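Using the UniProt record's numbering, the first residue of the sequence shown is number 733, and each one after it goes up by one. Notes follow the structure.
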Amino acid sequence: VAKDAGKGQWRRYQPELHAVIVERLQLRTELERSLVAGGFELEFQPILTLADSTVAGFEALVRWNHPTRGRLLPGQFIDVAEESGHIVALGRWILIQAITEACRWHATAGGAAPYVSVNVSLRQFRSAGFLASVHAALSHAGLPPHRLMIEITESMLMRDDDRILADLAALRREGVRIAIDDFGTGYSSLSYLHQVPLDAVKLDKLFTASITTDPKQAALVDGIIRLARTLGLDVIAEGIETAAEHVLLASLGCPYGQGFRFARPLTPQATLSMIIEEFDTIAAPI
Ligand code: C2E
Ligand code: MG
Ligand code: MG
Ligand code: MG
């Protein structure tokens, strides 16, 4: 826009551009400080079995208690962390923290305990020693690997990178489960689904938001669920906000879902309370 407006106009936009750059540099510095001083927290959003509304797992979602700006959501800092490379250290902290919490769940609920699902970004996944760090975190905590799910993005698979595929396969051999996050938002073809070492797809919330109003979207989701089942993949629908969405997805055979309809992301303490409650219900004599 600035370029189209001509040479004279360029200057007019500079202060704004400058402000954006300064803000990002500042965020980067503050991120670094918070990584050392501790300013990050995880919340956990339940992932439910849609047929009976029991809890199957929890997705770990990072939050930043910024020194001056208050609580920030990942959309406000993850891309800066990725750009600056701080995502590697932050991601390592997130992974260890998530696994530590999952161990508490395990200690409470034993074999019935929910799994933990952790978002991993491209830069973190490709960083040196990532595989070893996952392995070390699991064995140090003593968490069975199948209690960990790693969420990657479609764009990571679109790179046609053999090392990524090999690392995904290695994780799966260890027992860690792999899911594609925000499935359906990339311009990917469905043909890669059977070529990639995978356990689940997380259907993006854009689909969920339109299935009850748009029959074409519902048909598309129906097709994706069938295809996934044929390929032996689980489907987790994201962003379920209404009972109608829940009922429709369940009737289409979608096995799992998460969303505000069931619960917002919870503090670690509230997560543990929920698990204790669920576990008591299951363990209670009839
Ligand atoms: P995501 O992995 O797709 O996570 C789901 C996001 O949808 C979360 O936003 C969650 O709070 C939100 N959500 C859950 N249920 C509903 C619903 O019913 N309706 C709507 N409208 N939204 C819902 P959040 O926590 O702001 O995270 C945004 C994104 O940031 C995540 O999307 C993920 O891509 C990224 N992210 C979050 N935590 C991490 C992390 O630890 N590491 C990395 N690399 N990325 C993360
Ligand atoms: Mg996710
Ligand atoms: Mg998602
Ligand atoms: Mg995402």
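Beta carbons: idealized from backbone N, C-alpha and C, even for Gly. Fair warning: this is a prediction, and the values are worked out from it, not measured in the lab.
- Between the alpha carbons of Ile956 and Tyr924 lies a gap of roughly 13 angstroms.
- Asp931 has its Cβ no nearer than 8 angstroms to any heavy atom of ligand 3.
- Only residues of its own chain outside the window of five on either side were considered, and among them none has a CB closer than 7 angstroms to the CB of Glu1009.
- The beta carbons of Leu897 and Val928 sit closer together than 9 angstroms.
- Unbroken alpha helix (DSSP H) runs of no fewer than 4 residues, entirely contained in the segment 759-835, are found at 810-816, following chain order.
- Judged by beta-carbon spacing, Phe809 lies beyond the 9 angstroms limit of Trp825, meaning their Cβ atoms are not closer than that value.
- Not one heavy atom of ligand 3 falls within 8 angstroms of the beta-carbon of Glu775.
- Residue burial is scored here from C-beta neighbours: Ala839 has fewer than 16 other C-beta atoms within 10 angstroms and is therefore classed as exposed.
- Straight-line measurement puts the Cα of Phe1011 at about 46 angstroms from the Cα of Leu757.
- Straight-line measurement puts the Cα of Ile831 at about 15 angstroms from the Cα of Thr999.
- By the 16-neighbour rule on beta-carbons within 10 angstroms, Leu763 is buried.
- In terms of Cα proximity to Ala783, the closest of Phe939, Val967, Leu959, Gly817 is Val967.
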